Each structure stands twice: as C-alpha cells, then as structure tokens.
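Below: one structure, written as structure tokens.
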Amino acid sequence: MLLLPLLAMGQETTEYGVFETANLMPNPAQVSQFEKGLAAHNKKYHGEGPYGVRVYWVANGPNTGSYHWSMGPFPWSSLDNRPEQKDGHDTDWNNNVAPYMAANSGAQSYWRSQAELSRFPKDFTIKNMAVDYWDIKRGKYEEAMNLVKKIHKVYAEKSPDDIYGIYTNEFMSTKEGRDLAVISFFDKSAWLGQDHGIDKKYDEVYGTGSWTQFLKDWMEVTNGGETEIWIYRPDLSGISGDVIVAERK
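The sequence shown begins at 227 in our numbering and counts up by one.
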C-alpha cells in the first residue's frame, strides 16, 4: 500500500485518494525472473500520475518474502482509464510477471488515505515502513476512528515532526481482518527498538492515567492486529520514493 500522503483534488469534487495494492509472491526458484519482469513492467506502464507504482519487500510475518505492489493515489473515477490490453499492459504482465508468481498470489485490496488523520508535516523520502494492521470489531468503526483522532492530537502537539499515514480498507472483510492500517516511516532499523514515549505524551495531553484507559478502549473496539516491516524497492518501482508534501496540499 502506500504511499503518498495526500491527493490534490479540486474544491468542486468529493472524490478522495485511493490506493490499489496487491501482495505478490514469486516462485522461490524464479525470483530473478520475477523481479526483472516486474521492474520493466512498472517502469513502462506505471511511471507517472495516478497509475504510478511503488514496490516494497515484506520482511516479516506470514507474507515474508512477498512484494507489496501499490498504485496511486487516484480517485475512483480514474480507474476506468487505467492501462489495459489496448496499451499492451495486460499482455506484458501475463507474459513477463505472472508466470513467475506462486499460486494464489496477487490478492488485491483498495485503501483510502485518511489525510485528516495522518501526519505528513514535511517532505521526505520513503525507505522503510512499519505497517500496523488492525481488525476493527463489527459496529465499532466510528468509535475506533474517534480514538485514532485522539492519537492524532497527541502527535500534532507533542511530536509535530513525526510522519505516519492512516488508511482504511474500502472493502472491509470480517475474514481478512485488515480494516485499518497505520504506517510509520523510518530510515534506520534502530528506530524499531526505541521508546517513542507515546504513553507519557498521551497522559500529558489528556491527563494522568489516560493512556491506560486508551488501551482498554482500543481493545474494546478491535479484535487485535499485526505488524509488517516493508522495505522500499526503488529498482522495482515505477516512481521514486520522494514525497513532496507541498505539492499535494
């Protein structure tokens, strides 16, 4: 998934930014052929605009070794004009990428960028990401998002330079259990072992003991979650990892 933070839309439209994502698992014996075909395809057909693609390598969890393919952001209306057979897009994919993928690979999802809940205060270059997926309980979506808003307030006041994105699954599934994604961007792996002090910062904003209550409230609205580490692969992507925030406001 991910990702550019904001999608510039005209004031007259109610459309919003969406990402199309796919989890691609190569045949272990054909990884080099898969990467060669994927890189050529993305650079030819997904090198600009709403159809620009970034690719990430998944470093942990059940999807370890897979490649996360993310196109966008784009408004839903632009999907009807995506590269297709007439441009040779589908033939190229079917001939040079798909043959090197494992069976049952390529499950797709569509994610909405929740720009008002995300924090993109400055330009940056994507390198590594920690992706926290959360399974929201049925009927608890509004409560969960209200809690996310409280976290946003804490970061805005106490960690204004921190960067993260909030995304919601456009087609939520009780089976898949990936309804909300919180994506944190980092450069060095040491970041993963640091104490970022969210508990103390939360209490400073909402009062002593508030973080403990937040955790209880969060467990009441979710069924749990999981975290994946993604590593950006510029060699396989159609667009760079540069995110120019000013151009997207």
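Backbone N, C-alpha and C define an ideal beta-carbon position, used for all residues, glycine too.
If you're wondering where the values come from, they're calculated on a predicted model, not measured in any experiment.
Check	Outcome
Assumed close pair Lys375, Leu406 - CB separation to whole angstroms, cut-off 8 Å	Their Cβ separation, rounded to whole angstroms, is 13 Å, which puts Lys375 and Leu406 out of contact at 8 Å.
Bounding residues of the beta strand (DSSP E) (the contiguous stretch that carries Val408)	Leu406 to Phe412
Whole-angstrom distance between Pro460 and Tyr282, CA atom to CA atom	8 Å
When Ala328, Gln259, Ser385 and Thr240 are compared against Gly423, the one with the closest alpha-carbon	Ser385
Cutoff 6 Å; reference Asp425; Cβ partners in own chain excluding five residues on either side	Trp437
The stretch 250-266 contacting the stretch 448-463, beta-carbon criterion three pairs below 8 Å	yes
Tyr336, DSSP secondary structure in three states	strand
Separation of Ser463 from Gly314, as counted between CA atoms	19 Å
Rounded straight-line distance, which links the Cα of Asp349 to that of Trp360	27 Å
Span separating the alpha-carbon of Glu241 from that of Asp388	27 Å
Buried versus exposed call for Leu250 [16 or more other C-beta atoms within 10 Å across all chains shown]	buried
Buried versus exposed, by CB contacts within 10 Å (16 or more), Asn307	exposed
Residues near Asp318 by beta carbon distance below 6 Å, same chain, minus five either side	His267
Start-end ranges of the alpha helix (DSSP H) lying completely within the stretch 347-397, minimum 4 residues	367-384
Per-residue burial, Phe397 [other beta carbons within 10 Å of its own, 16 or more giving buried]	exposed
Backbone secondary structure at Ile455 - three-state DSSP	strand
Nearest residue (CA-CA) to Lys414, options Tyr326, Lys379 and Asn354	Asn354
Simplified DSSP state of His422, which is helix, strand or coil	coil
Where the alpha helix (DSSP H) containing Met445 begins and where it ends	Ser436 to Val447
Assigned secondary structure, Tyr271 (DSSP; H/G/I helix, E/B strand, else coil)	helix
Proximity of Glu368 and Val431 at Cβ, strictly below 7 Å	no
Bridge-paired residues (DSSP) for Glu246	Met297 and Tyr336
Met235 - DSSP class collapsed to helix/strand/coil	Note on Met235: pLDDT 46, under 50, position unreliable in the model; the coordinate value appears next. DSSP places Met235 in coil when its eight states are reduced to three.
Cβ-based neighbour list, Tyr271, same chain, cut-off 6 Å, excluding 5 preceding and 5 following	Pro309 and His315
Same chain, Cβ closer than 6 Å to Lys427, five either side skipped, listed in chain order	Val380 and Lys384
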